Structures are given as structure tokens and as C-alpha cells.
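Structure record follows, encoded as C-alpha cells.
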DNA sequence: TTCTGTGAATCTCTTCACAGCA
DNA sequence: TGCTGTGAAGAGATTCACAGAA
């Protein structure tokens with residue numbers, strides 16, 4: 001999910017698979033809930049259910065961290081919370097800046113899960129001078145002019161981009177130039193960053209489109225149609241240009257009626 | 001990324017890999033941008049760069065859809081926009097409800113990419129009676145009591161959950177009972193749903209934690225430390241319970257100083 | 001006996017490298 | 001000649017199934 005070439009380009013250092021890393025937060029959340037209920041130990045089966053994965057996967061994941069369980073018993077909840085937190089780097093404090101305080105940026109700033117678990121909102125930054133000084137989630141919004149000094153002064157290495165798509169790359173460049181090496185991008189754009197900078201993106205419309213794909217297939221199967229052919233395309237198919245008009249095949253059930261040959 | 005057992009459990013129907021489906025929206029976005037600039041054709045190399053992937057992957061992805069390119073030339077932009085839209089089911093209209101109109105729900109409602117590209121916000125729903133009737137993004141907020149009738153009357157099959165974690169499962173159950181079969185979950189909870197319902201989740205704090213993991217590793221490598229051992233754990237490690245206190249190994253560089261043996 | 005930890009098998013995804021069409 | 005489409009190889013992730021510790 002990290003953008004393109006950026007992703008762990010050099011040494012794989014300690015061999016903990018990316019897919020496992022992506023699940024550790026899930027386990028951590030489930031464990032934290034257990035911890036709050038003062039549950040002392042948990043089996044791989046129980047924890048897996050709580051985290052929404054299967055137990056073999058969970059055990060395999062944990063095996064990359066070390067042997068933290070007890071055969072015949074399970075895992076010590078508190079101990080595992082600590083180990084995973086440490087592995088994820090949450091035993092230290094990560095100052096974060098959010099750039100772009102529109103609807104989304106404000107929502108992020110107010111998001112509770114932010115403050116807890118090792119992350120601290122160091123500053124909210126927006127390009128609109130009218131926003132400057134206005135308090136959002138208890139913090140005064142700072143103007144973009146201050147971006148570099150905020151990053152430097154607070155030792156920020158993680159930035160969240162919640163600006164419109166058009167501004168994202170420029171903001172990204174400034175963040176990176178100022179020393180940020182991890183970026184969480186909510187803007188619907190592909191960011192290009194130098195080697196060594198991690199980008200993860202969260203994109204509402206992509207998620208919806210993936211759901212639509214599966215939804216469409218369900219509908220197709222229900223009515224006995226070929227899954228790839230929608231019931232009634234609303235838009236007309238554009239004619240192919242002359243250069244590309246011949247010899248198309250497609251995987252069989254391919255818009256036979258609508259498309260020109 | 002769909003939650004657990006739910007994910008495409010039955011027939012794989014037309015064999016288009018999940019990883020490919022997840023990238024189609026990316027290609028579509030890049031193609032739409034080219035289309036707006038009236039670019040007629042594009043090579044796999046150019047398009048791949050614009051979408052942030054490599055060209056071999058892109059060509060392989062497209063090969064699952066059919067042979068839509070022209071050797072020696074590239075892909076016809078308009079034509080490919082149509083084919084991908086169709087494949088994703090975006091040539092039809094998907095009514096969507098958003099449940100939970102807090103900061104995040106409002107941000108989602110105002111998000112432009114929603115309205116375009118086949119999705120239409122059919123209703124905004126919130127449990128707070130004080131919200132009812134208040135216009136958000138041009139739509140009056142409806143009360144949760146109306147949830148079932150809204151779903152049924154509008155033929156909604158996709159629901160977005162932006163409620164607090166505590167309410168999410170309950171809202172999910174009601175959505176599913178009313179006929180929703182695809183859910184986009186922004187609440188930090190694992191949702192359990194019956195077979196045949198797709199769930200995708202978007203989780204800010206998980207993304208941040210993954211970034212923190214990589215960030216920590218970078219810092220560790222820089223200073224020549226073992227990557228898995230953080231500089232200075234801020235929290236004390238909890239002692240293991242007696243039952244689990246012996247024989248731990250861990251993958252070598254394992255908190256030797258801080259942890260009790 | 002119970003439940004973890006893990007090799008081995010399997011499945012999926014990515015990348016390579018080149019045949020073949022325009 | 002240039003670029004797509006795709007088998008084949010390679011890498012990674014998941015699942016199986018069971019040895020072995022408590």
C-alpha cells in the first residue's frame with residue numbers, strides 16, 4: 001500500500017514480513033481491549049477471532065516476533081501488548097503534523113485514537129490565512145509559512161496530508177525537504193517522494209470502487225449473468241480510435257452488443 | 001483487506017485477481033486525468049508512472065481484462081476509461097448511505113470524489129436527534145430510526161460507517177439486515193458480517209502504526225542499532241506472569257536490559 | 001491433554017524476458 | 001522498430017498439519 005518504489009527498497013533488515021506488520025496493529029487493538037477487561041491470557045484462537053484473522057496466521061505472525069506464548073496455555077496479554085507496542089515503535093512518542101484543516105483534517109485532528117498510542121498531534125497546518133489561529137481540536141491552526149519551522153522545532157518525522165489533491169504534491173515536497181520521512185496521504189493523488197520516504201495512502205473513492213466491483217459481481221451472479229457484463233451500461237461506450245479498432249478479444253463475455261466491433 | 005472470512009468465499013467467478021482489482025481505480029484515475037487533457041493514447045510505461053506502479057504489473061493487470069492495447073502504439077485512453085469503468089461497475093449508479101455524521105461523516109459527505117464516478121449519497125444518517133433535519137453537504141441528516149426504510153426505498157447496497165467504534169457493529173447489523181451487502185468501515189472495530197457481505201476498512205491509527213514501524217526501523221539503522229530494539233522505551237515492560245516467564249527467545253536482539261529474564 | 005511454534009505444501013502476486021503484432 | 005501480451009520464474013503470503021513444550 002505504500003506508494004511504488006518507495007517501499008522498503010534497501011535491506012529487509014530484520015525479516016518481519018510486511019503483511020505481518022500490517023496486522024500487528026489489529027492484534028494490538030484486540031489485546032488492548034482484553035487488557036482493559038483484565039483478561040490475563042488468551043489463546044491464539046480467541047485472539048485471532050477478536051482480530052478477525054485465522055489462528056494459524058496469527059501464530060505465524062507472532063513467530064516472527066519471537067516465542068512469546070506458552071504451549072498449552074496461550075499468550076500473556078500484558079506482555080504481548082508490550083512486545084507488539086515495542087515492535088511497532090509505539091513505546092516512543094511520535095509527533096505528527098496534519099496539513100490541510102478542512103472537513104477531513106478537522107476530523108483527523110479530533111480523532112481520539114490519534115492522541116493515544118504513541119502519536120501526538122504537534123501542529124495543524126493550513127494554507128488559508130483566515131484559518132490561522134482558529135482553534136481546532138484544542139490546537140490553534142498554523143499557517144503553511146510556518147511548516148518548515150514547525151517540523152524542525154518539533155522533530156516531526158510523520159506528516160498527514162489532508163489537503164485537496166492539487167496541493168498535495170507541493171505540501172509533500174515541503175514536508176520531505178523539512179525532514180519528514182513518513183507520510184500518510186488522504187489526498188487522491190499519487191505522491192512522488194525520494195528513496196527512503198514511506199508513503200501510505202488512504203483513499204475513500206478507491207475503496208468504494210473496489211466494493212462496487214464486488215457488488216456488481218454479486219448482482220451479476222444472482223441473475224445468472226456473466227459477471228463482467230453489467231446489466232445496463234448507462235454510458236455509451238466510446239468508439240475506439242482507428243489505430244486500435246481491430247483484433248480485440250477480451251476475456252469472452254465482452255460487451256458484444258454495445259461496442260463497435 | 002476485506003474482513004476475514006467474508007472475502008470472496010465462493011466461486012472466484014471470472015478470474016481477475018484481487019490485487020488487480022485494487023489497482024484498477026488507480027489506473028482509472030490516471031486515465032481520467034489524461035482524458036481531461038485530451039491525450040488520445042498512452043503507453044504502459046507512461047500510464048504506469050502516472051499510477052505509481054511498474055509497467056509489467058500494469059500490462060499483466062490489463063491482460064486480465066482483455067487485449068485492449070495496440071502493440072507498438074499503446075492504449076486508447078477513452079476506450080480504456082470505459083472498459084475499466086465497466087469492469088469496476090461504475091457505468092451504473094450506486095446509491096450510498098453514510099451513517100454517523102460527526103466530523104468524519106461530514107467530511108465524507110462533502111468529499112467530491114463521492115458524487116462523481118458512479119456513487120451518489122442517498123442519505124446521511126445519525127443517531128443524534130439534534131442532528132436530524134440539519135443540512136450537511138446539501139442533504140438533511142436523517143435519524144437512525146429511518147435507516148431501514150431509507151435502505152429499502154433507495155435500493156442501497158453500499159453503506160459507509162463513520163460512527164464511534166461502540167456503535168459500529170450494531171449499525172452494521174442493521175444495514176445488513178436491511179439489505180446492504182458492501183460496507184466501508186471507518187470505525188476502529190472488526191465487524192462481523194454474514195457470508196456474502198463485503199467489508200473494507202479504513203483505519204487511520206493502523207496506517208500510522210505501520211508508518212511508525214518503518215520509521216522506527218529507519219532510526220535504528222541510522223544509528224547502527226538493532227532495528228527491533230528502540231532507543232529508549234518510555235514505558236516499563238510489564239513482568240511476565242509466572243506461567244509464561246521462562247524459555248523465551250525472541251529473534252535475537254530482544255530487550256535484554258529492560259525485560260526481566 | 002492442550003495449545004504453541006514451525007517446516008512443508010499451496011496459493012497468490014510480482015517480475016522477468018521475449019514472442020509476436022502493428 | 002516499438003510496445004503489448006503472456007508464459008515462466010521468482011518472491012511472498014497463507015494454510016496445513018503435526019512435533020513438541022507445558
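Protein chains in written order, with UniProt numbering: chain P, 1 to 261; chain V, 1 to 261. Cβ coordinates follow ideal geometry from the N, Cα and C atoms, glycine included. As the structure is a prediction and not an experimental result, all values here were calculated from the model.
Under 7 Å between beta-carbons, which chain V residues line up against residue i? List them in chain order, please.
{"i": "residue 59 of chain P", "result": "The premise fails here: residue 59 of chain P is roughly 15 Å from chain V at the closest Cβ pair, so nothing lies under 7 Å."}
{"i": "residue 198 of chain P", "result": "211, 214"}
{"i": "residue 34 of chain P", "result": "Chain V residues near residue 34 of chain P: none, gap ~13 Å exceeds 7 Å."}
{"i": "residue 184 of chain P", "result": "207, 208, 211"}
Using the C-alpha atoms, what's the distance from residue j back to residue i?
{"i": "residue 20 of chain V", "j": "residue 206 of chain P", "result": "12 Å"}
{"i": "residue 38 of chain V", "j": "residue 47 of chain V", "result": "14 Å"}
{"i": "residue 88 of chain P", "j": "residue 216 of chain V", "result": "8 Å"}
{"i": "residue 208 of chain V", "j": "residue 71 of chain V", "result": "42 Å"}
{"i": "residue 196 of chain P", "j": "residue 96 of chain P", "result": "18 Å"}
{"i": "residue 220 of chain P", "j": "residue 83 of chain V", "result": "17 Å"}
{"i": "residue 33 of chain P", "j": "residue 103 of chain P", "result": "30 Å"}
{"i": "residue 81 of chain P", "j": "residue 42 of chain P", "result": "12 Å"}
{"i": "residue 262 of chain P", "j": "residue 58 of chain P", "result": "No statement about residue 262 of chain P is possible, as the shown extent of chain P runs from 1 to 261 and does not include it."}
{"i": "residue 35 of chain V", "j": "residue 64 of chain P", "result": "46 Å"}
{"i": "residue 105 of chain P", "j": "residue 168 of chain V", "result": "22 Å"}
{"i": "residue 233 of chain V", "j": "residue 213 of chain V", "result": "Residue confidence for residue 233 of chain V is low, a pLDDT of 36 falling below 50, so the modelled location carries little weight and cannot support an answer."}
{"i": "residue 149 of chain P", "j": "residue 156 of chain P", "result": "10 Å"}
{"i": "residue 311 of chain V", "j": "residue 98 of chain V", "result": "Not covered by the structure: residue 311 of chain V. The range shown for chain V is 1 to 261."}
{"i": "residue 144 of chain V", "j": "residue 153 of chain V", "result": "15 Å"}
Under a Cβ-count criterion, where at least 16 other Cβ atoms within 10 Å of its own Cβ denotes burial, should residue i be classed as buried or exposed?
{"i": "residue 120 of chain P", "result": "exposed"}
{"i": "residue 73 of chain P", "result": "exposed"}
{"i": "residue 109 of chain V", "result": "buried"}
{"i": "residue 17 of chain V", "result": "exposed"}
{"i": "residue 137 of chain P", "result": "buried"}
{"i": "residue 118 of chain V", "result": "buried"}
{"i": "residue 198 of chain P", "result": "buried"}
{"i": "residue 78 of chain P", "result": "buried"}
{"i": "residue 15 of chain P", "result": "exposed"}
{"i": "residue 133 of chain V", "result": "exposed"}
{"i": "residue 135 of chain P", "result": "exposed"}
{"i": "residue 130 of chain V", "result": "exposed"}
{"i": "residue 61 of chain P", "result": "buried"}
{"i": "residue 179 of chain V", "result": "exposed"}
{"i": "residue 107 of chain V", "result": "buried"}
{"i": "residue 25 of chain V", "result": "buried"}
In chain P, which residues lie less than 7 Å from residue i when you measure between Cβ atoms?
{"i": "residue 181 of chain V", "result": "215, 218"}
{"i": "residue 119 of chain V", "result": "208"}
{"i": "residue 157 of chain V", "result": "215"}
{"i": "residue 97 of chain V", "result": "Ordered by position in chain P, no residue passes the 7 Å Cβ test against residue 97 of chain V, which lies about 12 Å from the chain."}
{"i": "residue 21 of chain V", "result": "210, 213"}
Am I right that residue i and residue j are in contact with their C-beta atoms under 8 Å? What's the rounded C-beta distance?
{"i": "residue 139 of chain P", "j": "residue 162 of chain P", "result": "Actually they do not touch by this definition, with Cβ atoms about 14 Å apart."}
{"i": "residue 190 of chain P", "j": "residue 56 of chain V", "result": "Wrong, their Cβ atoms sit about 18 Å apart, outside the cutoff."}
{"i": "residue 182 of chain V", "j": "residue 211 of chain P", "result": "4 Å"}
{"i": "residue 100 of chain V", "j": "residue 126 of chain V", "result": "6 Å"}
{"i": "residue 113 of chain P", "j": "residue 164 of chain V", "result": "With a Cβ gap of about 11 Å, residue 113 of chain P and residue 164 of chain V do not count as contacting."}
{"i": "residue 94 of chain V", "j": "residue 158 of chain V", "result": "6 Å"}
Anything in chain V within Cβ reach of residue i, meaning under 8 Å, just list it in chain order.
{"i": "residue 190 of chain P", "result": "26, 30, 50, 51, 52"}
{"i": "residue 107 of chain P", "result": "102, 103, 104, 106, 107"}
Let me check you understand the geometry: is the CB of residue i closer than 6 Å to at least one non-hydrogen atom of the ligand FAD?
{"i": "residue 110 of chain P", "result": "Among the ligands in the structure shown, none appear at all, so the ligand FAD cannot be discussed."}
Identify the contact partners of residue i in chain V, using a Cβ-Cβ distance below 9 Å as the criterion.
{"i": "residue 38 of chain P", "result": "Neighbours of residue 38 of chain P on chain V: none; closest Cβ ~13 Å, over 9 Å."}
Using a Cβ cut-off of 9 Å, pull out every chain P residue sitting near residue i, in sequence order please.
{"i": "residue 110 of chain V", "result": "102, 103, 104"}
{"i": "residue 114 of chain V", "result": "204, 205, 208"}
At a Cβ cut of 9 Å, what residues of the stretch 80 to 94 of chain P count as close to chain V, listed as they run along the chain?
-> 81, 82, 83, 85, 86, 87, 88, 89, 90, 91, 92, 93, 94
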